[in-house]
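Some notes on the structure that comes next.
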Amino acid sequence: MAYAAQLGALTEELVEVVVSISPQSDPKRFDILKESTLRKIRHHSFLRTNQFLVTNELDGLEERFRVLNRDGLAGELRGRLDALAQLPNKWTPDILHFLLQLSDQPVQNSKLRDLELLRTLDEESEPPLKWDDIAKEEGWDQDQDLWQSVDFADDSSDEKHILAFDAELSNLEAQFVDIEEDVLVSLIKILNEVKPHLQPLSSLSDIIQGLNQAKYPHPFHYLELLFNATNIAHVEGDEITYKFLGAVFFECFRVYVRPIRLWMESGELIEGDKTFFISKSTTQVRTSQVWKHQFKLRKTTNGTLHAPRFLHPATNKIFTTGKSIVVLKRMGRQMITKSRTQLQEPPLEFDEAFACGPGALTTFSKIFNTAFGNWMQSKHHAASSTLRQALFESYGLWSVLDDLQHIYLMCNGAQSDTFASAIFSNIDILNSQWHDRFTVTEVAREAYATVDANRISCILDVLDLTIRLEDARHAESERAEEMNEISRLSMTAASMTASPKRPRRGRYIQPSEEEDETFLAEQDTSVLLQDVDKNYAELLAEIGADFDRLLKFMCGGLRGVARASSNAAATKWDTLAEMLETGIQERQVFSTQSYI
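Numbering (my numbering), first residue to last: 2 to 597.
This is the structure:
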């Protein structure tokens with residue numbers, strides 16, 4: 002039954018493919034063709050394929066290939082026949098005979114290159130590795146300065162240091178190999194000659210050993226070890242080791258400073274970089290919160306900044322500069338070009354500024370902080386000045402700060418009193434809607450409304466009048482000084498006393514007005530003449546006496562008000578009077594010595 006079902010399914014598929022009729026389109030005709038086909042298949046009178054005849058035909062085909070000098074095709078045919086023999090199947094002779102019947106002059110038309118089309122490509126489990134993927138993963142695609150200084154030589158950068166050390170050892174060995182005269186060999190002397198060349202390498206070996214022994218080292222731990230070792234070598238006065246470790250430190254630090262340069266120049270972070278001490282929020286924040294919440298300083302579990310210790314003082318400035326660039330981009334402001342920035346950028350190299358003598362008082366850490374501070378300032382100054390200009394000139398930050406000064410700091414007492422009085426009045430009458438936003442807005446508009454143009458013109462007129470009065474007062478004081486000088490000179494010659502000629506006025510005055518002004522001028526002159534004979538101490542004593550007299554008068558007035566009123570404020574007026582009288586009692590009578 003299984004064989005019959007399988008044969009029926011295959012017959013249906015054969016009929017459907019050959020005549021293009023399906024059971025759904027024409028079921029009656031399809032059934033007729035199916036039954037006739039099954040009958041012919043079951044009751045055919047054909048003999049089975051002779052497997053020996055098929056083998057002879059294939060061997061003859063191989064021989065003809067070799068006779069025609071087509072050994073390549075013959076070898077491929079024999080290899081496939083041998084491989085097929087390892088897979089026994091009763092239908093193999095029939096399949097081979099069927100292929101021979103379909104062939105068309107295989108000796109002439111067969112080509113060896115057509116066999117490549119029969120090969121199936123192995124499906125790779127993983128996509129092929131490309132340099133673009135590596136560059137994206139390591140951040141090379143965003144580092145535009147990576148290929149600026151490239152050495153295309155076939156040697157590595159470490160070979161020059163190894164060859165230099167090998168050359169020094171060869172020179173020392175040559176002294177003992179090619180001996181021209183008798184010399185005394187001393188191990189101590191040889192050790193002293195080799196030590197300057199071995200000491201830097203020994204210090205570097207200690208750094209590598211310390212890095213390997215660390216349990217959970219940070220990616221920048223080697224920079225901290227190099228920095229500390231360089232600083233120690235400088236303090237100890239080991240100039241050779243100091244120069245060697247300093248050069249190695251700056252070569253390594255230039256690699257670490259690449260994300261810092263990218264952040265301070267473009268406000269961008271390398272995607273997936275976990276070694277940098279600045280991280281970006283995974284969620285998008287509003288424009289008003291970009292400065293505070295978009296970027297954060299990455300810290301460890303114990304709260305320590307995830308950055309080399311020698312960079313901790315500079316991280317806030319680096320962080321602020323990058324955020325300034327981000328805000329400027331949000332504003333649509335274009336920063337200065339990169340070429341201009343690089344021209345202004347001080348080099349971070351171990352040059353003569355760092356290679357100071359062993360006796361120098363400045364440590365390596367201070368020299369590095371100064372150099373790195375100058376490098377940061379070249380980036381920070383441009384960003385901060387551009388942001389400051391954009392905020393104050395384009396976005397009106399000064400006006401906003403002025404509004405804050407008036408509203409929150411209440412610099413204008415009259416306006417603030419108007420605003421506060423209206424609110425406290427509603428609170429005193431227990432109005433539950435005292436904090437209604439519409440009411441508060443209306444009160445604020447009334448209190449902080451702009452000044453009317455008529456009031457401004459009136460204020461300007463008052464200012465003009467004040468200026469004119471000040472000019473008149475100044476002219477009057479000059480005239481009084483002139484009269485004082487004339488009076489002083491007239492005292493030496495009483496017989497020639499004469500009143501000074503009064504300056505002519507530009508307008509007509511009545512005789513009575515002129516007499517009044519003459520009397521006032523004479524009174525002022527007499528007062529000035531009385532003060533001429535007094536020194537500075539006497540004048541201060543008189544001022545102190547007048548001050549005490551007026552203060553006593555104020556105290557008496559305060560006590561009178563306190564006695565006349567019966568509310569709670571009366572005790573406060575009385576207390577204020579007592580405080581003022583205490584100062585009068587403690588003050589002695591002003592004497593001349595107390596003001597010298």
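The beta carbon of each residue, even a glycine, is placed where N, CA and C say it ideally should be. A quick note: this is a predicted structure, and the numbers were derived from the prediction, not measured.
Closest by C-alpha distance to residue i, when choosing among the options
i	options	result
Phe296	Pro314, Leu312 and Ile319	Ile319
Pro197	Ala308, Ala165 and Leu48	Ala165
Ser386	Ile326, Ile408, Ser366 and Asp437	Ile326
Thr231	Gly333, Val256, Leu212 and Leu205	Leu205
Leu78	Ser111, Asn193, Leu402 and Gln52	Ser111
Leu34	Ser46, Glu58, Val18 and Glu240	Val18
Gly238	Ala136, Val401 and Thr363	Thr363
Ser289	Leu329, Cys253 and Arg310	Leu329
Trp92	Lys131, Arg114 and Arg49	Arg49
Tyr217	Thr301, Asp437, Thr242 and Trp399	Thr301
Phe53	Glu194, Arg310 and His98	His98
Ala578	Glu486, Pro201 and Gly558	Gly558
Ala168	Phe31, Val195 and Trp132	Val195
Glu138	Leu263, Leu212, Gly273 and Leu59	Gly273
Lys190	Leu173, Tyr396, Arg71 and Lys275	Leu173
Cys556	Thr583, Asn536, Glu477 and Ile424	Thr583
Ala415	Gln210, Ala450 and Asn432	Ala450
Gly9	Gln25, Asp32 and Ala136	Asp32
Thr210	Glu266, Leu226 and Asn370	One detail in the question is off: residue 210 reads as Gln in this sequence, not Thr. Closest option to Gln210, Cα to Cα, is Leu226.
Trp264	Thr283, Phe365, Arg446 and Leu298	Leu298
Val236	Gly374, Ile487, Ile368 and Ser433	Ile368
His407	Ala421, Leu551 and Glu394	Ala421
Asn375	Leu388, Pro347 and Ile430	Pro347
Ser267	Leu312, Arg334, Glu543 and Leu540	Arg334
Leu388	Arg474, Pro201, Gln200 and Met332	Met332
Asp95	Lys131, Thr56, Pro129 and Leu199	Thr56
Leu170	Asn193, Glu483 and Asp547	Asn193
Leu101	Leu59, Leu540, Glu182 and Tyr537	Leu59
Terminal residues of the alpha helix (DSSP H) in which residue i lies
i	result
Leu212	Leu188 to Gln214
Gly392	In the sequence under discussion, the amino acid at residue 392 is Leu, which differs from the Gly named in the question. Looking at the DSSP string, Leu392 is not in any alpha helix (DSSP H), and its letter there is neither H nor E.
Phe251	Glu240 to Ser267
Leu402	Leu398 to Ile408
Pro94	Thr93 to Leu103
Tyr223	His222 to Glu237
Leu552	Tyr537 to Ala565
Asn317	Thr316 to Met332
Ser422	Gly414 to Asp429
Phe439	Arg438 to Ala448
Val108	Pro107 to Asn110
Residue i, enclosing beta strand (DSSP E) - first and last residue
i	result
Ala281	The sequence given here has Lys at residue 281, not Ala. Residues Ile279 to Lys281.
Phe296	Phe296 to Leu298
According to DSSP, residues forming a beta bridge with residue i
i	result
Leu306	Lys300
Rounded distance between the beta-carbons of residue j and residue i, thought under 8 Å
i	j	result
Thr322	His381	5 Å
Leu224	Phe245	Their Cβ separation, rounded to whole angstroms, is 16 Å, which puts Leu224 and Phe245 out of contact at 8 Å.
Trp314	Phe221	Residue identity differs from the one stated: residue 314 is Pro in this sequence, not Trp. That pair is no contact at about 16 Å.
Asp575	Ala565	The Cβ separation is near 11 Å, so there is no contact.
Ala448	Thr419	4 Å
Thr316	Phe351	Contact doesn't hold; Cβ gap of about 23 Å is too wide.
Ala234	Thr242	4 Å
Arg40	Val108	About 40 Å separates the two Cβ atoms, so there is no contact after all.
Glu424	Val444	At residue 424 the sequence reads Ile, which differs from the Glu that was named. Confirmed, about 7 Å.
Phe311	Phe228	5 Å
Leu349	Val256	Not a contact, Cβ separation roughly 11 Å.
Gln434	Thr442	That belief does not hold up - the Cβ atoms of Gln434 and Thr442 are roughly 13 Å apart, past 8 Å.
Thr552	Leu581	Looking at the sequence shown, residue 552 is not Thr but Leu. About 6 Å separates the two Cβ atoms, so the contact holds.
Residue ranges of each alpha helix (DSSP H) within the stretch 36 to 89, 4 or longer: 52 to 68 and 72 to 86
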